[in-house]
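Numbers given in this note's numbering equal positions in the sequence shown, counted from 1, plus 32.
No residue lacks a Cβ here, since even glycine has one placed at the ideal position from N, Cα and C.
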Amino acid sequence: LGTAIGSIVSNVETFQLIHVTLAMPMMFLSGAVVPLYQAPSWMRMAALAVPLTYGVDMARSGMTSVELLPTWLDLAVLSCLAIAFLLLAVKAFERTKPR
Numbered sequence: 033l034g035t036a037i038g039s040i041v042s043n044v045e046t047f048q049l050i051h052v053t054l055a056m057p058m059m060f061l062s063g064a065v066v067p068l069y070q071a072p073s074w075m076r077m078a079a080l081a082v083p084l085t086y087g088v089d090m091a092r093s094g095m096t097s098v099e100l101l102p103t104w105l106d107l108a109v110l111s112c113l114a115i116a117f118l119l120l121a122v123k124a125f126e127r128t129k130p131r
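Next comes the structure, spelled out in structure tokens:
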């Protein structure tokens with residue numbers, strides 16, 4: 033996600049602003065700060081849209097017996113998102129490459 037955003041913006045300051053604006057809410061929604069099993073249902077649903085949720089869930093299930101989703105599903109979602117964002121970043125870099 034960072035690579036895709038970095039290829040679109042023109043300078044580092046803009047990237048940092050966008051990154052912090054996206055990263056902070058993603059961190060809080062992912063369950064990294066407050067475990068999602070203690071969160072209200074609307075927050076658990078919103079967390080499913082955040083890629084970090086699946087990594088946090090895998091790490092938490094590896095250290096404790098508490099998991100939001102099965103580990104295989106976390107791994108599958110992270111793999112699909114990694115491929116999708118990599119393809120998006122490649123396309124964005126191709127578009128910005130000088131001819």
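Are the Cβ atoms of Thr35 and Ala91 separated by less than 9 Å? For the purposes of this step, residue 35 is taken as residue 3 along the sequence shown, with counting starting at 1. For the purposes of this step, residue 91 is taken as residue 59 along the sequence shown, with counting starting at 1. No, they are not a contact pair.
Taking the C-alpha atoms as reference points, what is the distance between Thr46 and Ala55? To locate residue 46, count along the sequence shown from 1; it is residue 14. To locate residue 55, count along the sequence shown from 1; it is residue 23. Near 14 Å, if we compare the C-alpha coordinates of Ala55 and Thr46.
Could you give the distance in angstroms between the alpha-carbon of Gly87 and the alpha-carbon of Asn43? Start at 1 with the first residue of the sequence shown, and residue 87 comes out as number 55. Start at 1 with the first residue of the sequence shown, and residue 43 comes out as number 11. Using only the alpha carbons, I get a separation of about 29 Å.
Pop quiz: Leu100 and Tyr69 are said to be a contact at Cβ under 8 Å. What is the actual Cβ separation, rounded to whole angstroms? Reading the sequence shown from its first residue, position 68 is the one you call residue 100. Reading the sequence shown from its first residue, position 37 is the one you call residue 69. Rounded, the Cβ-Cβ distance is 7 Å, consistent with contact.
Assign Leu118 to buried or exposed, taking buried as 16 or more other Cβ atoms, counted over all protein chains shown, within 10 Å of its Cβ. Taking the sequence shown and counting its residues from 1, one reaches residue 118 at position 86. Looking at its Cβ environment, which holds fewer than 16 other Cβ atoms inside 10 Å, Leu118 is exposed.
Give every residue of the same chain whose Cβ lies closer than 7 Å to the Cβ of Gly38, excluding the five residues on either side of it in the sequence, and list them in chain order. Residue 38 sits at position 6 when you count from the first residue of the sequence shown. Within the same chain, Gly38 has close Cβ partners Phe47.
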